[in-house]
Amino acid sequence: MSILYDLPLPRAAAASSRRCLLALLASPLAAKIPARARPDLLPTISSYRRRASAWFKFQEATDDAIQLGFKNGSVTSKQLVVFYLDRIACLDPHLHTVIEVNPDALAQAARTDAERASGRHGCGGPLHGVPVPLKDNIAMHDRLNTTAGSLAMLGSVVRRDAGVAARLRAAGAIILGKNNPTEWSAFRDNNVPRGWSARGGQTLQSVCGIVHEEHVRSATLCWSSSCSAVAAAANLAAVTLGTETDGSILCPTSLNSMVRIKPTVGLTSRAGVIPITPRRDTVGVASAF
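So that you can map any letter, position 250 of the sequence shown is 250 in full-length UniProt numbering, and since no number is skipped, the others follow by simple counting.
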């Protein structure tokens, strides 16, 4: 039996998570998960006690808090991945920010946990063991499509990582999945709604009555990386990776109370990123805190 949280859960919370997982089986998100991966990526609840003395606050955990949790043994990468997958299962059928989850995410998490336990050199970096979803125009060699949200590109599994994805992998980050972009980074048509793609549908800016977190209910769309900003606002990941040609990093960040860095054009690698123009394309990060 897989483990959802390596800690005891209140009965109401456990029942809520079970309902979310059952609902996921009948939701559109289930189609995004390869059938062979579903037994691992749809964990069930087990309320055994973990050995660490301190409780780890999964929701709204910052990267610093995650690294501290790794250091003091209060959380593992596998627990983080499973927490985010469960949260995606609960919220994303309404938000539509995740276009695909990585069927290898748990295996990557187990590997980083083993590296940390062995004291391997370099495991103390700020991204080691941290789950990071990528915008769907950033190529990833894992069993993930790279489509820019287009059905025309479905089945496009690349031979090598994008430059930024390779750097993430080298730093020990876990690729959690792909976020739903505005199709072709909003250059499919001037009238395409922000946050919409043929493959992922419409990312929602309001889920009133579904969740009770104001920063999720008020999440607002703006340009093609809205999915990444809404995902971070909804705590579907601590850190997300997006791209900008004309405001797609800065605009959704400002509207969703996110912290985001839009690097100088050319400072981050654009190799393996589906392009709009080399004069303006850049890759940046978003985080809620």
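Built from N, CA and C at the ideal position, the CB exists for glycine as well.
Determine whether the beta carbon atoms of residue i and residue j lie at a separation below 8 Å.
i	j	result
L134	I175	yes
C227	P181	yes
H141	R111	no
D113	T62	no
E100	N235	no
V265	T97	no
A237	P131	yes
T243	D281	yes
N102	L154	no
L127	A171	yes
T268	V157	no
What whole-angstrom Cβ distance do residue i and residue j have, given they're in contact under 8 Å?
i	j	result
A152	T146	About 12 Å; that fails the 8 Å criterion.
G129	R116	6 Å
R260	V285	7 Å
S185	T245	6 Å
Roughly how many whole angstroms lie between the Cα atoms of residue i and residue j?
i	j	result
G177	E183	17 Å
S150	A271	20 Å
I274	K78	30 Å
L168	L241	10 Å
D64	L95	27 Å
K57	D86	15 Å
P93	A198	16 Å
W196	A173	28 Å
R49	S74	Since pLDDT at R49 reaches only 31, below the 50 mark, its modelled position is unreliable, and the value read off the structure follows with that caveat. Near 12 Å, if we compare the C-alpha coordinates of S74 and R49.
V192	Y84	29 Å
G125	R194	35 Å
I276	G201	21 Å
Grab the span of the beta strand (DSSP E) containing residue i for me, first residue to last.
i	result
P133	P131 to K135
T240	V239 to E244
For residue i, does the three-state DSSP call read helix, strand or coil?
i	result
L7	Interpretation of L7 is limited by its pLDDT of 33, a score under 50 that renders its predicted location unreliable; the figure taken from the coordinates is listed afterwards. In this structure, L7 counts as coil in the three-state DSSP scheme.
K57	coil
L151	helix
V101	strand
V283	strand
S269	coil
R167	helix
Between which two residues does the alpha helix (DSSP H) containing residue i stretch?
i	result
I66	D63 to N72
T182	Careful: T182 lies outside any alpha helix (DSSP H) and carries neither H nor E.
L85	S77 to L95
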